[in-house]
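Chemist: Residue numbers (full-length UniProt numbering): 1 to 591. Positions of the beta carbon are idealized from the N, C-alpha and C atoms, including for glycine. Sharing a structure below in structure tokens format, with a few things to ask.
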């Protein structure tokens, strides 16, 4: 281990000690299970913005998105990021508002409120979501360990255990409040680190358009001699050109796999329910998705630089870390490495907290309901440890498949079974308990079977699937058919199974609706569609974003402003967060 590696790891160690300190300070404020898993339902929009962003800015994003852009070009990552913002904005804000209107704490609570206190459905939903959280924790643990391996040469198998212990400690001490506060700090570090890498690449190798046109030509479709031996192809940077041998169905499947999980993800739902009002929740969702979409642009650009500067990478997840080592000065390298580690730890802490809360809230308390608040918190902390240690066993699978592919594999199952279930439960009165339970089980089993038979996670969304249609599309279609058909033939009535709070939600759901977001999103999508149609019918072959002339200059200016805007917005919000923390601690002391 050289001196540079020691400095980088020292900066990371200081950062970890800071996270532990935050967890310790917040632990003194915990009074109940609701405090532990929902932060007392008192989080303002600016806290939610950064914790939402940190939740999704995991290793599959900070390391995986540039790596995927390295392999497949701009199309996949861009449309997936835009779709995630669109789907998340439309569904998460509405799902969260409806669940909040029913006074729920988790998606598992939906079984109680919507389906006549169905114990079997509550356990099924809880098991699926806890399994999902364990896998994501394993994925993120592997991501941090991979960073350490690239920097120091120490195998990830040796470092993954200590990383898990540190993250478990600060999560179990402070609950959701500690998680969201550390998330806020971590997200700002991520934004600053990513922007720093982008600017240093631009300074050292030239602005993006000038750099990349030496390899793909000024149009973006004229490959030059220097492109040999890289993953570059004609239209690599064009948003309307699919990678070779990729179909439109494959792109749709990838979009489904990377966006439709957000509205039913336990971490996102948990935060939407932890907001202090409907308005604060909605503002947090909107500002988060703007921040996430803009940051995705910078990550894609970094991946494109990596294609040329680091040709022949076997594990493309390493592209960010290797660019850091070769591009940034020591302090900048330490910042970015810490940022990537922070991204992973945000994900780990999120799902440790949410997963343990679900086990206690939806399983343990249904078996033994007379547990006092202190015992509930103690059990939640115990399951935080159990979940964290269990997640380590998934690391070999992730190592063999890659971070993004591994994440997409489990998301395919989650999306197929849960997203249609929650959507129909919240919007269709005739949905019945039998349909929800048996439809969910059959969908999970069928989707898993199809995914294995076609050759694994990548083939399930990137392959031909059945009749040229990828597995995830079949899974979602099957779920909808099962939920609707079983509900229609079921002798019981969905309306009769609803709790008073659920009936109130259906009767008053219009009072929490706000469709201004649909107008903004329609303008964005409409502009892109018009541009795509113009390019198609005009016969002019040019890449978008533009790479040459005045358009190329605009592209460089826009990317530079995006990096500046995301960092500046992050700093503004973290200042608001610190003020909130100070006021919150003062109020707790007065009590």
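By the three-class DSSP mapping on this structure, what secondary structure does residue 53 have?
Modeler: Your numbering for residue 53 matches position 53 in the chain shown. If DSSP states are grouped into helix, strand and coil, residue 53 belongs with the helices.
Chemist: Would you call residue 582 buried or exposed, if buried means 16 or more other Cβ atoms sit within 10 Å of its Cβ?
Modeler: The count along the chain shown starts at 1 and reaches residue 582 at position 582. Exposed, since its Cβ has fewer than 16 Cβ neighbours within 10 Å.
Chemist: Where does residue 272 fall in DSSP's three states?
Modeler: Sequence index remark: in the chain shown, residue 272 carries index 272 (1-based). Note: residue 272 maps to helix in three-state DSSP.
Chemist: Do you know how far the Cα of residue 574 is from the Cα of residue 586?
Modeler: Counting from 1 along the chain shown, the entry for residue 586 is found at position 586. Counting from 1 along the chain shown, the entry for residue 574 is found at position 574. Residue confidence for residue 586 is low, a pLDDT of 48 falling below 50, so the modelled location carries little weight; the figure read from the coordinates is stated next. If I take the Cα positions, the gap works out to 18 Å.
Chemist: Does residue 43 come out as helix, strand or coil in the three-state DSSP assignment?
Modeler: Taking the first residue of the chain shown as position 1, residue 43 is located at position 43. In the structure shown, residue 43 sits in a strand (DSSP, three-state: E or B).
Chemist: To the nearest angstrom, how far is it from the Cα of residue 460 to the Cα of residue 7?
Modeler: Against the chain shown, residue 460 aligns to sequence position 460. Against the chain shown, residue 7 aligns to sequence position 7. Their Cα atoms are separated by approximately 42 Å.
Chemist: Can you tell me the Cβ-Cβ gap for residue 205 and residue 305, rounded? I've got them flagged as a contact below 8 Å.
Modeler: On the chain shown, position 205 is the one that residue 205 refers to. On the chain shown, position 305 is the one that residue 305 refers to. Yes, residue 205 and residue 305 are in contact; Cβ-Cβ is about 7 Å, under 8 Å.
Chemist: Thinking C-alpha only, which one of 43, 222, 221, 16 is nearest residue 578?
Modeler: Locating residue 578 in the chain shown gives position 578, where the first residue counts as 1. Across the set 43, 222, 221, 16, the C-alpha of 43 shows the shortest separation from the C-alpha of residue 578.
Chemist: Of the choices 114, 316, 3, 249, whose alpha-carbon is the least far from that of residue 71?
Modeler: In the chain shown, counting from the first residue as 1, residue 71 sits at position 71. Of the listed residues, the one whose Cα sits closest to residue 71 is 316.
Chemist: If you draw a straight line from the C-alpha of residue 69 to the C-alpha of residue 231, how long is it?
Modeler: For the purposes of this step, residue 69 is taken as the residue at position 69 of the chain shown. For the purposes of this step, residue 231 is taken as the residue at position 231 of the chain shown. Looking at the two C-alpha atoms, the distance is approximately 10 Å.
Chemist: Here's a check: name, in chain order, each residue in its chain whose Cβ is nearer than 6 Å to the Cβ of residue 318, leaving out the five neighbours to either side.
Modeler: The residue you call residue 318 lines up with position 318 of the chain shown. Contacts found: 150.
Chemist: Excluding the 5 residues preceding and the 5 following residue 199 in the sequence, name in chain order all residues of the same chain whose CB lies nearer than 7 Å to its CB.
Modeler: Locating residue 199 in the chain shown gives position 199, counting from the first residue. Excluding residues within five positions, the ones whose Cβ falls inside 7 Å are 563.
Chemist: In whole angstroms, what separates the C-alpha of residue 580 from that of residue 568?
Modeler: Within the chain shown, residue 580 is the residue found at index 580, counting from 1. Within the chain shown, residue 568 is the residue found at index 568, counting from 1. Rounded to whole angstroms, residue 580 to residue 568 spans 19 Å at the Cα level.
Chemist: Three or more C-beta pairs closer than 8 Å, one from the stretch 209–218 and one from the stretch 532–551: is that the case here?
Modeler: yes
Chemist: Rounded to a whole number of angstroms, what is the C-alpha to C-alpha distance between residue 50 and residue 503?
Modeler: Numbered from 1 along the chain shown, position 50 holds the residue referred to as residue 50. Numbered from 1 along the chain shown, position 503 holds the residue referred to as residue 503. Distance between the alpha carbons of residue 50 and residue 503 is about 33 Å.
Chemist: Does the stretch 250–270 come into contact with the stretch 78–85, if we say contact requires no fewer than three beta-carbon pairs (one atom in each stretch) closer than 8 Å?
Modeler: yes
Chemist: For residue 537, count neighbouring C-beta atoms within 10 Å of its own C-beta (all shown protein chains included) and say buried if the count is 16 or more, exposed if not.
Modeler: Here residue 537 refers to the residue found at position 537 when the chain shown is read from its first residue. Residue 537 comes out exposed.
Chemist: With a Cβ-Cβ cutoff of 8 Å, do residue 349 and residue 213 count as a contact?
Modeler: Position 349 of the chain shown holds residue 349. Position 213 of the chain shown holds residue 213. No, Cβ-Cβ distance for residue 349 and residue 213 is not below 8 Å.
Chemist: So, for residue 383: in the same chain, excluding its five sequence neighbours on each side, which residues have a beta-carbon less than 6 Å away from its beta-carbon?
Modeler: Residue 383 sits at position 383 when you count from the first residue of the chain shown. So the list reads 356, 359, once near-sequence residues are dropped.
Chemist: Leaving out five residues on either side along the sequence, give the residues of the same chain with a beta carbon under 7 Å from the beta carbon of residue 498.
Modeler: In the chain shown, residue 498 corresponds to position 498, counting from 1. Same-chain partners within the cutoff: 114.
Chemist: With a threshold of 16 other CB atoms inside 10 Å of the CB of residue 378, please say whether the residue is buried or exposed.
Modeler: Your numbering for residue 378 matches position 378 in the chain shown. Its Cβ having fewer than 16 others within 10 Å, residue 378 is exposed.
Chemist: Can the beta-carbon of residue 145 be found closer than 8 Å to that of residue 156?
Modeler: If you number the chain shown from 1, residue 145 lands on position 145. If you number the chain shown from 1, residue 156 lands on position 156. Yes, Cβ-Cβ distance for residue 145 and residue 156 is below 8 Å.
Chemist: Alpha carbon to alpha carbon, how far is residue 267 from residue 251? Give it in angstroms, no decimals.
Modeler: Reading the chain shown from its first residue, position 251 is the one you call residue 251. Reading the chain shown from its first residue, position 267 is the one you call residue 267. Going by the C-alpha atoms only, they are around 26 Å apart.
Chemist: Apart from the five residues on each side of it in sequence, which residues of its chain come closer than 7 Å, Cβ to Cβ, to residue 46?
Modeler: The residue given as residue 46 occupies position 46 in the chain shown. The beta carbon of residue 46 sits closer than 7 Å to the beta carbons of 573, 576, 577 from its chain, once the five residues preceding and following it are set aside; these are given in chain order.
Chemist: Just curious, the alpha helix (DSSP H) that residue 592 is in, first and last residue?
Modeler: Since the first residue of the chain shown is 1 and the last is 591, residue 592 is not available in this structure.
Chemist: So does the stretch 286–303 actually touch the stretch 432–447, counting three or more Cβ pairs closer than 8 Å?
Modeler: no
Chemist: I think residue 226 touches residue 312, with their Cβ atoms under 8 Å apart; what is that distance to the nearest whole Å?
Modeler: If you number the chain shown from 1, residue 226 lands on position 226. If you number the chain shown from 1, residue 312 lands on position 312. In fact, because the Cβ distance is near 14 Å, the residues do not count as touching under 8 Å.
Chemist: Would you list the one or two residues that DSSP bridges to residue 469?
Modeler: Locating residue 469 in the chain shown gives position 469, where the first residue counts as 1. 466.
Chemist: Considering only the alpha carbon of each residue, which of 141, 183, 86 lies closest to residue 163?
Modeler: Position 163 of the chain shown holds residue 163. Cα-wise, what sits closest to residue 163 is 141.
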